[in-house]
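Q: Right, I'll just put the structure down here and ask away after.
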Amino acid sequence: MTATPPTIAFIVPCYNEEAVLPHTLARLITDIDSLVAGQNIAAASYILLVDDGSHDRTWSLIEEASQAHPGRVQGLKLSRNVGHQNALLAGLLTQIGKADATISLDADLQDDVSIIARMIEHFRRDPAEIVFAVRKERSSDSLFKRGTAGLYYRILNWLGADIIPHHADFRLMSDRALRALSQYGEVHVFLRGLVMQLGYKTAVVEFERLPRLHGETKYTLQKMLRLAIDGITSLSVRPIRLIALLGVILFFIFLGMSVWVFWTWLAGHTVQGWTSVMLLFLLIAAFQTFALAVIGEYVGKIYFEAKSRPRYIVEKETGTKSDNG
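According to full-length UniProt numbering, the residues represented by the sequence shown are 1 to 325, in order.
As structure tokens, then:
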């Protein structure tokens with residue numbers, strides 16, 4: 001165990017969170033004070049709120065909080081909305097060398113902050129470079145979400161992706177792990193997959209997901225589907241290999257049918273079964289469309305990766321040493 005309590009940066013991405021932010025900050029500040037009093041973390045520990053291009057008063061609330069709690073609350077405003085994963089990445093990477101470890105969590109505080117002490121204990125005692133917070137069960141989710149989530153994790157595992165089921169982005173990462181993460185330069189980021197590739201010692205702490213305090217989730221079905229596709233295409237090329245395998249199988253089916261049709265014609269018989277032929281044709285057309293969509297997804301990723309555009313741009317900061325207002 002480390003002799004002195006570590007300095008922890010709590011990274012909280014925010015997008016249009018004016019309804020929930022005051023409650024989140026009040027709870028986090030109280031919990032941090034308790035952790036400091038219990039000598040679990042250093043008094044210099046702080047909260048970094050990352051405004052992901054919000055359109056409401058989120059940034060104004062962050063500025064007010066940083067002034068009301070100097071040193072305890074800091075803010076980072078991105079120039080535009082870059083998505084949850086890149087906003088979280090911005091918060092993580094900008095804290096390299098500033099804290100002993102970071103803990104990332106959602107602004108709605110559905111992540112149970114009461115387990116943070118146990119996460120820090122693993123970091124100090126084991127010591128684990130990365131501590132994952134994993135949901136015990138998903139009874140609070142709808143039947144549809146539970147079913148699709150379970151299917152998604154099974155698909156990822158089948159595709160060979162190394163990922164922890166039912167873990168989102170509630171995790172502790174040491175400064176050493178963050179430095180390793182900074183070496184990954186891809187534009188399309190799927191953090192729960194990238195973090196597993198670092199190879200450092202890890203630990204797991206289970207928790208029960210809490211109900212959202214206020215407002216509505218910003219993760220729409222469309223965003224969840226986008227994240228799911230990013231996860232599959234970022235971690236595995238097996239879908240392309242499966243398409244190639246199916247293409248070979250279809251080729252041999254066509255070859256066999258061609259031989260049969262030609263042999264029947266030579267025997268002087270009329271080939272029957274236009275219905276079955278049309279069904280087979282539609283099946284193959286559907287497969288080709290699906291194959292093109294999958295390949296196009298990979299090609300699109302290559303296109304954006306080749307441009308090497310910045311994943312985020314920091315517009316301003318508040319409550320930090322480099323605060324430029």
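We put the CB at the ideal spot given by N, CA and C, even for glycine. Remember, predicted model here, so these are calculated numbers, not experimental data.
So the candidates are 245, 304, 312; which of them puts its Cα closest to the Cα of residue 287?
A: As a position in the sequence shown, residue 287 is number 287, starting the count at 1. Ranking 245, 304, 312 by Cα distance to residue 287 puts 245 first.
Q: When you compare the CB positions of residue 134 and residue 187, do they come within less than 7 Å of one another, or not?
A: Within the sequence shown, the letter at position 134 stands for residue 134. Within the sequence shown, the letter at position 187 stands for residue 187. No, the Cβ-Cβ distance between residue 134 and residue 187 is not below 7 Å.
Q: So, under 8 Å CB-CB, residue 126 and residue 6 are touching, yes? Tell me the CB distance rounded to an integer number of Å.
A: Locating residue 126 in the sequence shown gives position 126, where the first residue counts as 1. Locating residue 6 in the sequence shown gives position 6, where the first residue counts as 1. Contact flag wrong, Cβ pair sits at about 13 Å.
Q: In whole angstroms, what separates the C-alpha of residue 13 from that of residue 251?
A: As a position in the sequence shown, residue 13 is number 13, starting the count at 1. As a position in the sequence shown, residue 251 is number 251, starting the count at 1. If I take the Cα positions, the gap works out to 49 Å.
Q: Closer than 8 Å by C-beta to residue 178: which residues in its own chain qualify, once you throw out the five before and the five after it? Chain order, please.
A: What you label residue 178 is simply residue 178 of the sequence shown in a count that begins at 1. Contacts found: 92, 93, 95, 96, 102.
Q: Whose C-alpha, out of 36, 128, 71, is nearest the C-alpha of residue 4?
A: As a working mapping, residue 4 is identified with position 4 in the sequence shown. It is 36.
Q: Which word fits residue 312, buried or exposed, when buried means at least 16 other C-beta atoms lie within 10 angstroms of its C-beta?
A: For this step, residue 312 is matched to residue 312 along the sequence shown. So residue 312 counts as buried.
Q: Rounded to a whole number of angstroms, what is the C-alpha to C-alpha distance between residue 73 and residue 33?
A: Translated into the one-based positions of the sequence shown, residue 73 becomes position 73. Translated into the one-based positions of the sequence shown, residue 33 becomes position 33. Whole-angstrom Cα-Cα distance: 12 Å.
Q: Tell me, please, whether the CB atom of residue 238 is closer than 7 Å to any CB atom in chain C?
A: Here chain C cannot be found, since the structure has a single protein chain.
Q: How should residue 39 be labelled, buried or exposed, when 16 other C-beta atoms within 10 angstroms of its C-beta is the threshold for buried?
A: Numbered from 1 along the sequence shown, position 39 holds the residue referred to as residue 39. Exposed, because fewer than 16 other Cβ atoms sit within 10 Å of the Cβ of residue 39.
Q: What's the call for residue 77, buried or exposed, on a 16-neighbour Cβ count within 10 Å?
A: Your numbering for residue 77 matches position 77 in the sequence shown. Buried: at least 16 other Cβ atoms inside 10 Å.
Q: Which parts of the stretch 113-195 are runs of the alpha helix (DSSP H), unbroken and 4 residues or longer, counting only runs that do not cross its ends?
A: Runs of the alpha helix (DSSP H) inside the stretch 113-195: 116-125, 143-158, 175-181, 191-194.
Q: Between residue 98 and the rest of its own chain, which residues show a CB-CB distance below 7 Å, the 5 nearest in sequence each way excluded?
A: Counting from one through the sequence shown, the residue named residue 98 turns up at place 98. For residue 98, where only same-chain residues beyond five positions count, the Cβ hits under 7 Å are 9.
Q: Would you identify the three-state DSSP class for residue 44, choosing helix, strand or coil?
A: Translated into the one-based positions of the sequence shown, residue 44 becomes position 44. Residue 44: coil per DSSP, three-state reduction.
Q: Can you tell me which of 208, 304, 301 puts its alpha carbon nearest to the alpha carbon of residue 111?
A: Your numbering for residue 111 matches position 111 in the sequence shown. For the residues 208, 304, 301, the minimum Cα distance to residue 111 belongs to 208.
Q: Considering only their Cβ atoms, is the gap separating residue 210 from residue 85 smaller than 7 Å?
A: Indexing the sequence shown from 1 puts residue 85 at position 85. Indexing the sequence shown from 1 puts residue 210 at position 210. No, these two residues do not count as a Cβ contact at 7 Å.
Q: Which residue wins for smallest C-alpha separation from residue 298, given the options 28, 238, 89, 167?
A: For the purposes of this step, residue 298 is taken as the residue at position 298 of the sequence shown. Out of 28, 238, 89, 167, 238 has the C-alpha closest to the C-alpha of residue 298.
Q: Between the Cα of residue 11 and those of 132, 136, 317, 170, spot the shortest distance and give me the residue it belongs to.
A: To locate residue 11, count along the sequence shown from 1; it is residue 11. Comparing Cα positions, the closest option is 170.
Q: Within this structure, are the beta carbons of residue 25 and residue 65 separated by less than 7 Å?
A: Within the sequence shown, the letter at position 25 stands for residue 25. Within the sequence shown, the letter at position 65 stands for residue 65. Yes; because the gap between Cβ atoms is below 7 Å, this pair is in contact.
Q: Whose C-alpha, out of 196, 317, 198, 113, is nearest the C-alpha of residue 27?
A: By 1-based counting over the sequence shown, the position of residue 27 is 27. Nearest of 196, 317, 198, 113 to residue 27, Cα basis: 113.
Q: Name the two residues that bound the continuous alpha helix (DSSP H) containing residue 67.
A: On the sequence shown, residue 67 is found 67 positions in, with the first residue counted as 1. Counting along the chain, the alpha helix (DSSP H) containing residue 67 begins and ends at 58-68.
Q: Mind checking which residues open and close the beta strand (DSSP E) that includes residue 204?
A: Start at 1 with the first residue of the sequence shown, and residue 204 comes out as number 204. Run containing residue 204: 202-207, per the beta strand (DSSP E) assignment.
Q: How far does the beta strand (DSSP E) with residue 74 in it reach, from first residue to last?
A: Taking the sequence shown and counting its residues from 1, the one referred to as residue 74 is at position 74. From DSSP, the beta strand (DSSP E) with residue 74 extends over 73-78.
Q: Where does residue 20 sit, in a helix, a strand or coil, going by DSSP?
A: To locate residue 20, count along the sequence shown from 1; it is residue 20. It is coil, neither helix nor strand.
Q: How about residue 196 and residue 162: do their beta carbons lie closer than 7 Å?
A: Mapped onto the sequence shown, residue 196 falls at position 196. Mapped onto the sequence shown, residue 162 falls at position 162. Yes, these two residues count as a Cβ contact at 7 Å.
Q: Specify the secondary structure class of residue 248 as computed by DSSP and reduced to three states.
A: Translated into positions along the sequence shown, residue 248 becomes position 248. Residue 248: helix per DSSP, three-state reduction.
Q: Across which residues does DSSP place residue 11 in a beta bridge pair?
A: Locating residue 11 in the sequence shown gives position 11, counting from the first residue. 48, 104, per the DSSP bridge assignment.
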